[in-house]
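A short write-up of the structure that comes next.
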Amino acid sequence: MNLSSSEHKRLREVSFTNIQKHLLQRGVDLKRTYPDIFMKLCRYVEQDEPFLPVTIYPKNTQTGRQFVCIIMPESSDSAYTAATQESGQGHPLQRVETINISEQDEQDIT
1 MNLSSSEHKR
11 LREVSFTNIQ
21 KHLLQRGVDL
31 KRTYPDIFMK
41 LCRYVEQDEP
51 FLPVTIYPKN
61 TQTGRQFVCI
71 IMPESSDSAY
81 TAATQESGQG
91 HPLQRVETIN
101 ISEQDEQDIT
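Right, here's the structure in full:
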């Protein structure tokens with residue numbers, strides 16, 4: 001699918017908004033807690049700079065438990081599926097909750 005540059009930028013904006021929203025739901029302020037990653041994501045959105053996947057280990061302020069968050073704005077479900085299949089049965093990746101950050105919630109539409 002060929003997208004115009006404005007459509008592609010809009011998808012990057014939606015992804016960035018969703019990353020922040022899902023982290024905030026767990027009590028993690030990306031801008032405050034991980035300012036370097038926040039700035040890289042800003043450049044990814046605004047200037048279309050490549051954003052390589054990054055793993056963070058924030059603490060869920062509601063549960064007090066640390067969790068793993070892999071930020072991959074331009075990944076696909078097939079990339080995740082391949083990784084989990086390679087890891088084998090019983091691997092921790094088999095129990096991972098994945099969130100499609102490219103989908104815009106109805107309430108987020110302005």
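Per full-length UniProt numbering, the sequence shown starts with residue 1, numbered consecutively.
We put the beta carbon where it would ideally sit given N, CA and C, even for glycine.
Counted as a single uninterrupted DSSP element, the beta strand (DSSP E) harbouring V54 occupies residues V54 to I56.
A distance of 7 Å or more separates the beta carbons of I56 and C42. Exclusion of the five residues before and after G27 leaves N60, T61 and Q62 as the residues of its chain whose Cβ lies within less than 7 Å of its Cβ. Burial is judged here by how many other beta carbons sit within 10 angstroms of a residue's own beta carbon; N2 has fewer than 16 and is exposed. Within its own chain, the residues whose Cβ lies closer than 7 Å to the Cβ of V54, once the five positions on either side in sequence are excluded, are I37 and I71, listed in chain order. Between Y44 and P73 the beta-carbon gap is near 7 Å, inside 8 Å, which marks them as a contact. Nearest to K9 by C-alpha distance, out of K21, E46 and Q25, is E46. DSSP lists V54 as the beta-bridge partner residues of I71.
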